[in-house]
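All remarks here apply to the structure that follows.
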Amino acid sequence: MEFSSKLLEKAVNEMSQLPGIGKRTALRLVLHLLKQPKEQTVFLSEALTLMREEIKFCSSCHNISDSSVCEICNNQNRDHKTVCVVEDIRDVMAIENTGQFRGVYHVLGGKISPIDGIGPSQLNISTLIAKVKSKNIKEIIFALSPTMEGDTTNFYIYKQIQDDDIITSTIARGISVGDELEYADEVTLGRSILQRVPFENSMKNN
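Heads up, the sequence shown is in the numbering used here, so the first residue is 1 and it goes up one at a time.
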């Protein structure tokens, strides 16, 4: 792709680093910004810079937050004894959009995947185990995507806490095997949360 401006080329190259954005789409977005009032680009740049510099991770659940503890963990109307374990922030947003879950979350930050070099120590698993050991949790809901990596992660955590006096459940398999949680429709995901099953039963079905 030939560019008449090095500045344009640099902007397109940077934009194309975003997931799902190829060079042609990046060029279209950059040219769109050039057509807009200068202030719009400045506002966008400032918003991205502020987000990168000021955003935090909740000290309790590892969710993205504007403060040291996120709004969900700070909400006393939530059921803090029921913890939904998810892969990342997108899954929190997907479940929250269903309006069917009133507990709190624990964001792992990924899934165990030896082929990608991701082991338990790279994830927020130790803090989850600590929550269980504190005896303040009554139920852990495994809500990872029903993929091989998701099932491996669920089983690893289950083995760490199976001797504790705690209920472990997993979302019902209304979510197709191999699907990513964030792409599930809200009705299906909501029903999967409400109709969750004991984790031991899910292992028998695999």
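All C-beta atoms in this analysis are idealised placements derived from N, C-alpha and C, irrespective of residue type, glycine included.
The DSSP-derived three-state label of C84 is strand. Around Y158, the same chain offers T168 and F199 as residues with beta carbons nearer than 7 Å, after the five sequence neighbours per side are excluded.
The alpha carbon of E14 has as its nearest neighbour, out of E2, L27, S4 and S5, the alpha carbon of L27. Residue nearest to A143 within the set I55, K81 and I95 is I95 (criterion: CA-CA distance).
For G150, the enclosing alpha helix (DSSP H) covers residues M148 to I161. Taking one beta carbon from each stretch, the region 127–137 and the region 64–74 have fewer than 3 pairs nearer than 8 Å; the two do not touch.
Rounded to whole angstroms, the separation of the alpha carbons of F3 and V107 is 42 Å. Looking only at D165, T153, P146 and I161, the smallest Cα-Cα distance to I171 is reached by P146.
Residue range K38 to E54 is occupied by the alpha helix (DSSP H) that includes F43. In this structure, DSSP gives I21 a state outside helix and strand, which the three-state scheme calls coil.
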